[in-house]
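J.: Just so you know, the sequences run in chain order A, B and C.
Quick note: the first sequence uses the numbering used here, first residue 1193, plus one each step.
Quick note: the second sequence uses the numbering used here, first residue 3, plus one each step.
Quick note: the third sequence uses the numbering used here, first residue 43, plus one each step.
A virtual CB, placed ideally from N, CA and C, is assigned to each residue, including glycine.
Since this is a predicted model, take the numbers as computed values, not measurements.
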Amino acid sequence: MTGATLAFVVVAAALVTASLGVVLTRNLFHAVLYLAGALVATAVVFLLLESPFLFAVQLLLYAGGVVTILVFAIMLTERLVGERITQTSRFLLNGAVVAAAVFVGLAGFIARARQPAPAVTPAEDQVAGLARALVGPFAASFELLAVLLVAALLGAIYLARTED
Amino acid sequence: MAIAAALLTLGLPFAAFLLLALVPRLRRSGPPAGWVSIGAIGAAFLVAAAAWLAEAGGAGVWGWIPGAGGPLVTVGVLLDDLSRAMVLLVTLVSLLVQVYSLAYLHDEPRPALGRYYAYHALFAFSMLGLVLAPTFVQMFIFWELVGLCSYLLIGFWYDRPSAAQAAVKAFWVTRLGDVGFIIGIVWLWAAAGTFEFTALFAEAAAGQIPAAGLALTMVLIYLGAVGKSAQFPLHVWLPDAMEGPTPVSALIHAATMVTAGVFMVTRTMPLFALVPDVLTLIAWVGALTALLAATMACVEGDIKRVLAYSTISQLGYMMAAAGAGAAAAGFFHLGTHGVFKALLFLGAGAVIHAAGTNDVFRMGGLFRAMPQTGIVFLIGTLALAGVWPLAGFFSKEAVLAGVLHGQLTGPFVLLALTAFLTAFYMFRVVFIAFFGRPHDPHAHLHDPPRLMAGPLWVLAGLTVGLGLWFTVQPPAGEHGPGWLAPLSLGLAAAGIVLAWATYQARVVSADLLATLLAPLDVAARRRYGLDALYALLYRGAMLGCSRVIGWLDRYVVDGVVNMASAWSLRAGDLLRRIQTGVPQDYVYGVAFGVLVLLVWAQWGSR
Amino acid sequence: MTGPGLQAYLILAALVFAIGLFGILTRRNAIGILLGIELMLNAVNINLVAFARFHADLAGLVFTLFTIAITVIEVGVGLAIVIAVFRVRKTVDADHLTLLRG
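1. Ordered along the chain, which non-local residues of its own chain (more than five positions away) have a Cβ less than 6 angstroms from that of V63(B)?
2. Helix, strand or coil: which one does DSSP assign to W471(B)?
3. So what's E302(B) in DSSP terms, helix, strand or just coil?
4. Ordered along the chain, which non-local residues of its own chain (more than five positions away) have a Cβ less than 6 angstroms from that of L500(B)?
5. Compare the C-beta of A593(B) with all C-beta atoms of chain C and state if any pair is closer than 8 angstroms.
6. Where do the ends of the beta strand (DSSP E) carrying G65(B) lie?
7. Taking the alpha-carbon positions, what's the Y311(B) to M298(B) distance?
8. Determine whether the Cβ of A1303(A) lies closer than 8 angstroms to any Cβ atom of chain B.
9. What alpha helix (DSSP H) runs, 4 residues minimum, are completely inside the segment 149-217 of chain B?
10. If we cut at 8 angstroms on Cβ distances, does L1225(A) have a partner in chain B?
11. So with Cβ pairs under 8 angstroms, would you call F1238(A) a contact of chain C?
12. Nearest-angstrom Cα distance between G120(C) and A1223(A)?
13. Roughly how many whole angstroms lie between the Cα atoms of L22(B) and R117(B)?
14. Chain A partners of A56(C), CB-CB under 7 angstroms?
15. With a threshold of 6 angstroms on Cβ separation, who are the neighbours of G149(B) within its own chain once the five nearest residues in sequence on each side are excluded?
16. State the CB to CB distance for the pair Y119(B) and S39(B), rounded to an integer number of angstroms; the pair is presumed to be in contact (CB under 8 angstroms).
17. Rounded C-beta distance between F422(B) and A507(B)? I'm assuming under 8 angstroms.
18. Distance, Cα to Cα, R556(B) vs A537(B)?
19. Using the beta-carbon count (16 or more within 10 Å), is T140(C) buried or exposed?
20. With 16 as the cutoff for other CB atoms within 10 Å, does W553(B) come out buried or exposed?
21. What residues in its chain sit with their C-beta under 6 angstroms from that of R430(B), if we drop five residues either side in the sequence?
22. Count the other C-beta atoms from every protein chain shown that fall within 10 angstroms of the C-beta of L1346(A), then say buried if there are 16 or more, exposed otherwise.
23. Among A52(B), L20(B), L225(B) and P457(B), which residue has its Cα nearest to the Cα of A35(B)?
24. Is the beta carbon of A123(B) closer than 8 angstroms to that of A42(B)?
25. Answer yes or no: do A285(B) and G325(B) have a C-beta to C-beta separation smaller than 8 angstroms?
26. How would you list, in chain order, the residues of chain A whose beta-carbon sits under 9 angstroms from the beta-carbon of V601(B)?
27. With distances taken between CB atoms, is the gap from A322(B) to P413(B) smaller than 8 angstroms?
28. Would the segment 289-306 of chain B and the segment 367-385 of chain B be scored as touching if the rule is three or more Cβ pairs under 8 angstroms?
29. In or out: R70(C) buried (at least 16 other Cβ within 10 Å) or exposed?
30. Against chain C, with Cβ distances strictly below 8 angstroms, would V1263(A) count as a contact?
31. Roughly how many angstroms lie between the CA atoms of V460(B) and A232(B), to the nearest whole one?
32. Indicate whether the contact test is met: 3 or more Cβ pairs, each with one atom in the segment 121-134 of chain C and one in the segment 3-13 of chain B, closer than 8 angstroms.
33. If you reduce the DSSP assignment to three classes, tell me which class R364(B) lands in.
34. Opposite G78(B) in the DSSP bridges: which residues?
35. Can you tell me where the alpha helix (DSSP H) with T137(B) in it begins and where it stops?
36. When DSSP labels each residue in this structure, what does D83(B) get in the three-state scheme?
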């Protein structure tokens, strides 16, 4: 077992554990913390995949931003409800069967798929390449994304604001 | 000159019709509209009379529907001896009837009166177009127009259900014959290659028309005449047509509509002459029609219906003469009959106008109350019975002589019997209505106003005048053996005497006669079951068909629709439950979809 | 280098995806459902990056960036909706939010 494989196994185990925590814990706040863990683990997976830039983005935006928003939301609703929100689940068996079936289907599909050629290390600097792509072929999408962000922000404010 | 006269005759009534149809203000004004129509038809009559006196003849033909090598269909006018006489009769009777109507329909609302005269002008135009037609196609077009006008006029009082029904009946029954007529025309065209009468007659004379199938073709053409001229078994519409105003009946019975069939057969006689068997058929049907209608007239109590049956009977005479090859005699009878039948109908109209009823048994003693009407009606009756020296005597004798000359003994016997019955039933009406005891002594009866009396006297004068003219100058044509005239007169006299003995002197009991001839009496009263038969056919075929279609519609078509809607509702109700509103359930759906896709991607498309 | 192949990453992503699906299917709380969605999107990101790495194609990375941005948007709007719904219905329990029931 090489070092890379060992690292992958450890990170994968952490990711799966954190994910299970997200869906199984009863405390909503804990679930969010588990999610933060899962996101960080994912960031490490990105690092393993030699994408340090995305590792950074994941940590900053996702693990930082999203989790912060979620925590805000939970605290807001808790304040409105006036008690701790405990997560309850139902139809556990149904969900487990369906989710397992989907996983088995996907895994089977992946296992049967043709093996790709071994990866070649990109010659170019990754960040420079990304930057060139974003202002080159993906410039229009990038700008549209910016518009979408603004619109979503405005929409979120409109939805969440109180009537007065 | 002749063509111009013919076109003028044709154009005047049409112009009047257009004027009345397109200027509502004029039409709704009533009597002025009537005067417009009367003026037009009067002028047409003068032109026709001038053409008659000048013996103008000729044909003007113009191409209408173009075809390879000359026009396929032509239109125009054909003025010869036949159409000249007919035009004169049509314009004369139309003129008198229109003048008479002005007084008869005095109480009608003004717009209705205008409508009435618009129809009348169109009717005159149609009949004149038919008479002057030089081709079968033009004749057929005007033939249908005549049918349409009679429909409109019979149903003039369209708010009466019986009148509306009678109009529809007249339209449909004649249409039955017209189907045969148009098929016959087309077949004849297929065989001979032309619609024009003169060309057809030339081909017939030269023997160029193929004989194969010609008999059937001519029978089909004759079928048109059967419908229009009310021959057995399509005569049933004519008695019902009495629902129209009485002057309309006079017009239809004397000069237009019913004479169209006889005129057509006379016109195309050279073609019928090619197929003697068809002619024999025509003669037999005509004679049978004459006799059957006469027996039905004997048991009828409605004065107009008696006259209607007598018209059918006389049309049978004309057709029998045509079938016997004596078309001239038949046409002669058509002319004289037109005059005195118009007289009788207008007289009956005057009686109905005064008495307010059609039922002869509710009249009686009218001769004293309205002597003028009585005299003219009597003249018409004598003419119809064939009494010398009135017009009817000569034409009826000519018909009988023609039939006898055609070696048709059977039809001759039938017609002779009819002559006896004609005298009987006409004088039955006269004795009951005019000479019997007054039904209601206090009724205020009076002779008709001058506008109605005028036409009556003109027609009566014509009936007598024509008779006297023929006495002085016997008509050319067929003359029977010496015993024919005494026989004819004797039969008429016997009929009159029997009617007198039964209904005036009451020596013979009418009930006794009815009992003696019970089967005949019952059959005639039931109109030989023909109306019932048609009603049965109508009910059986039409209603049966309708019932089947109705069932199909109700249970199959509606059933499919109802089932579709019920199933849609049911399916919707079932599918509705899928939409639980719980978000996770939708995710389940997506997950199952993904699973199906995965399964399909791995095992499905191999 | 020698390390886990593409399939290992894909299997890992599939597992996280299935866990996220399970979370969506079983959670009552709307925020819990949102968390499940986050997990699933994360799994997709892993896929994209893995494909980009093993095919040496930057497009996968660009898509990942976009996905992350859109996820942020989704969370923002989603939470705003949750708060709005909560304000009206006094609950964020998905079992009670059944206005769409046919």
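T.: Put simply:
1. Translated into positions along the second sequence, residue 63(B) becomes position 61. So the list reads T76, G78 and P136, once near-sequence residues are dropped.
2. As a position in the second sequence, residue 471(B) is number 469, starting the count at 1. Here W471(B) sits in helix by DSSP.
3. As a working note, residue 302(B) is residue 300 in the second sequence. DSSP places E302(B) outside both helix and strand once states are collapsed to three, so it counts as coil.
4. Your numbering for residue 500(B) matches position 498 in the second sequence. These residues qualify, in order along the chain: F426.
5. Within the second sequence, numbered from 1, the residue matching residue 593(B) stands at position 591. Yes, because at least one Cβ of chain C sits closer than 8 angstroms to the Cβ of A593(B).
6. Here residue 65(B) corresponds to residue number 63 of the second sequence, with the count starting at 1. Counting along the chain, the beta strand (DSSP E) containing G65(B) begins and ends at G60 to I67.
7. As a first step, residue 311(B) is located in the second sequence; it is residue number 309 there, counting from the start. As a first step, residue 298(B) is located in the second sequence; it is residue number 296 there, counting from the start. One C-alpha to the other measures close to 7 angstroms.
8. The sequence position of residue 1303(A) within the first sequence is 111, counting from 1. By this cut-off, A1303(A) is not an interface position.
9. Counting only runs of 4 or more, we get 163-194 and 199-208.
10. Locating residue 1225(A) in the first sequence gives position 33, where the first residue counts as 1. No, no contact with chain B.
11. By 1-based counting over the first sequence, the position of residue 1238(A) is 46. F1238(A) counts as touching chain C.
12. If you number the third sequence from 1, residue 120(C) lands on position 78. If you number the first sequence from 1, residue 1223(A) lands on position 31. Inter-residue distance for G120(C) and A1223(A) is about 17 angstroms (C-alpha atoms, whole angstroms).
13. On the second sequence, residue 22(B) is found 20 positions in, with the first residue counted as 1. On the second sequence, residue 117(B) is found 115 positions in, with the first residue counted as 1. Rounded to whole angstroms, L22(B) to R117(B) spans 8 angstroms at the Cα level.
14. Here residue 56(C) is taken as the residue at index 14 of the third sequence, counted from 1. The answer, in chain order, is F1295, L1298, A1299 and I1302.
15. Your numbering for residue 149(B) matches position 147 in the second sequence. So the list reads T176, once near-sequence residues are dropped.
16. Here the question's residue 119(B) lines up with position 117 in the second sequence. Here the question's residue 39(B) lines up with position 37 in the second sequence. Rounded, the Cβ-Cβ distance is 4 angstroms, consistent with contact.
17. Stepping through the second sequence from its first residue, residue 422(B) is reached at position 420. Stepping through the second sequence from its first residue, residue 507(B) is reached at position 505. About 19 angstroms separates the beta carbons of F422(B) and A507(B), which is beyond the 8 angstroms limit, so they are not a contact pair.
18. Translated into the one-based positions of the second sequence, residue 556(B) becomes position 554. Translated into the one-based positions of the second sequence, residue 537(B) becomes position 535. C-alpha separation (whole angstroms): 26 angstroms.
19. Mapped onto the third sequence, residue 140(C) falls at position 98. That one is exposed.
20. For the purposes of this step, residue 553(B) is identified with residue 551 of the second sequence, where counting begins at 1. Of the other Cβ atoms in all chains shown, fewer than 16 fall within 10 Å of the Cβ of W553(B); this residue is therefore exposed.
21. Taking the first residue of the second sequence as position 1, residue 430(B) is located at position 428. Once the five neighbours on either side are set aside, the close Cβ partners of R430(B) are A501 and Y505.
22. Within the first sequence, residue 1346(A) is the residue found at index 154, counting from 1. Around the C-beta of L1346(A), fewer than 16 other C-beta atoms lie within 10 Å, and the residue is accordingly described as exposed.
23. Your numbering for residue 35(B) matches position 33 in the second sequence. Of all alpha-carbon atoms in A52(B), L20(B), L225(B) and P457(B), the one lying nearest the alpha-carbon of A35(B) is that of L20(B).
24. Here residue 42(B) is taken as the residue at index 40 of the second sequence, counted from 1. Here residue 123(B) is taken as the residue at index 121 of the second sequence, counted from 1. At a Cβ-Cβ threshold of 8 angstroms, A42(B) and A123(B) count as neighbours.
25. As a first step, residue 285(B) must be located in the second sequence, where it is residue number 283. As a first step, residue 325(B) must be located in the second sequence, where it is residue number 323. Yes.
26. Residue mapping note: residue 601(B) aligns to position 599 of the second sequence, counting from 1. Those within 9 angstroms of V601(B) in chain A are G1297.
27. On the second sequence, position 320 is the one that residue 322(B) refers to. On the second sequence, position 411 is the one that residue 413(B) refers to. Their beta carbons are under 8 angstroms apart, which means A322(B) touches P413(B) by this criterion.
28. Look at the beta carbons and you see the segment 289-306 of chain B not touching the segment 367-385 of chain B: under three pairs across the two are nearer than 8 angstroms.
29. Here residue 70(C) refers to the residue found at position 28 when the third sequence is read from its first residue. Per the 10 Å Cβ criterion, buried.
30. The count along the first sequence starts at 1 and reaches residue 1263(A) at position 71. Not one chain C Cβ lies under 8 angstroms of V1263(A).
31. Position 458 of the second sequence holds residue 460(B). Position 230 of the second sequence holds residue 232(B). Those two C-alpha atoms are separated by around 28 angstroms.
32. They do not touch, by the three-pair rule.
33. As a first step, residue 364(B) is located in the second sequence; it is residue number 362 there, counting from the start. Here R364(B) sits in helix by DSSP.
34. Along the second sequence, read from residue 1 onward, the residue named residue 78(B) stands at position 76. Partner(s): V63(B).
35. On the second sequence, position 135 is the one that residue 137(B) refers to. Taken as a continuous stretch (DSSP letters only), T137(B) belongs to no alpha helix (DSSP H), as it is neither H nor E.
36. As a working mapping, residue 83(B) is identified with position 81 in the second sequence. Here D83(B) sits in helix by DSSP.
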